[in-house]
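With my numbering, the residue at position 123 of the sequence shown is 129, and numbering never jumps.
Backbone N, C-alpha and C fix where the C-beta goes; we use that ideal spot for every residue, glycine too.
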Amino acid sequence: ARYRKTGKWGHIQLSGFAGVVRFRSATDSTESTGLFGVNLSGQINFLKKDYFIYQVIAGPGISRYRSGKFAAPDANDELTAISGIGYTAGIRHFWSPAFSTLVVANYGSEDNLSSQPGTDLKSAFYGAVNLIWQFHKSAFAGIEYLHGIRTNFDDAEGKANRIQFSIHVDINKH
C-alpha cells in the first residue's frame with residue numbers, strides 16, 4: 007500500500023507491505039511467519055532545482071531488502087521475522103544547468119536473533135558523493151566516490167571504497 011502527496015515543495019510518501027515467509031526443512035515440515043514493514047520517504051525542494059531526499063524504513067521483514075534475511079530460528083527454534091531499520095538522507099545541488107552533485111548517506115541495522123550465524127549482517131553504512139555532467143538533454147556522464155562499512159553479527163567489520171565513472175545515453179528521447 008502507498009500514499010503519496012506531491013506539490014511544488016516536493017513530495018512525501020508513506021508505504022507499507024505485509025507478507026508471509028515459509029520455510030520447508032529437509033524433513034518436509036513447514037514453518038511460516040508474518041512480515042511487514044513501513045517506509046516514509048520524500049523530497050523537499052529548495053532554491054531553484056536543489057532538493058533534500060530522505061527515507062526511513064522499519065519493521066520485521068525489511069531486513070531482506072537491506073541485504074539481510076527475512077527470518078531465522080529464534081531461541082525456541084521457531085521461525086521469527088528479523089526486524090530492522092534503515093535511514094537515508096541526501097542533498098542534490100545544481101552548480102549550473104549542466105553540472106550537479108548528490109551527497110547521500112545511509113545507515114541500517116538488524117535485530118539479529120541468537121541463532122543466526124556470525125557472518126549475517128548486523129549493520130551497514132555507506133556514504134557517496136558524485137559529480138554529474140548533463141552534456142545533452144538525453145545524455146550525461148558522471149563520477150562517484152562511495153565509502154561503505156559492513157558489520158556482521160559477530161562484530162567482524164569490512165570497509166570498501168569505490169570510484170566509478172559512468173555515461174548514460176537515453177536513445178528513446180527525441
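When you compare only the Cα positions, how much space is there between residue i and residue j?
i, j, result
"lysine 55", "valine 44", "29 Å"
"proline 66", "leucine 41", "6 Å"
"isoleucine 155", "alanine 24", "29 Å"
"histidine 99", "tyrosine 57", "7 Å"
"glutamate 150", "tyrosine 132", "13 Å"
"phenylalanine 146", "valine 135", "16 Å"
"alanine 32", "isoleucine 169", "44 Å"
"tryptophan 101", "glutamate 163", "36 Å"
"glutamate 84", "serine 69", "18 Å"
Let me check one thing: in DSSP terms, what residues is residue i bridge-paired to?
i, result
"leucine 53", "Answer by DSSP bridge pairing: none, since leucine 53 is not bridged."
"glutamate 163", "Thr157"
"lysine 14", "Lysine 14 pairs with nothing; no bridge assigned."
"isoleucine 177", "Bridge partners of isoleucine 177: none, in fact."
CB residue i to CB residue j, shorter than 8 Å?
i, j, result
"asparagine 112", "phenylalanine 159", "no"
"threonine 94", "valine 110", "yes"
"glycine 16", "glycine 48", "yes"
"isoleucine 91", "alanine 130", "no"
Say whether chain B places a C-beta atom closer than 8 Å to the C-beta of residue i.
i, result
"serine 121", "The structure shown contains no chain B, having only a single protein chain."
Say whether the segment 94–107 touches the segment 121–129, bearing in mind that this needs 3 or more beta-carbon pairs closer than 8 Å, one atom from each stretch. no
Sequence ranges, beta strand (DSSP E) only - wholly within the segment 118–152, length at least 3: Within the segment 118–152, the complete beta strand (DSSP E) runs of at least 3 residues are 127–142.
So within the segment 25–112, which uninterrupted beta strand (DSSP E) runs reach at least 3 residues, ignoring any that extend past its ends? 36–52, 56–66, 77–79, 85–87 and 89–100
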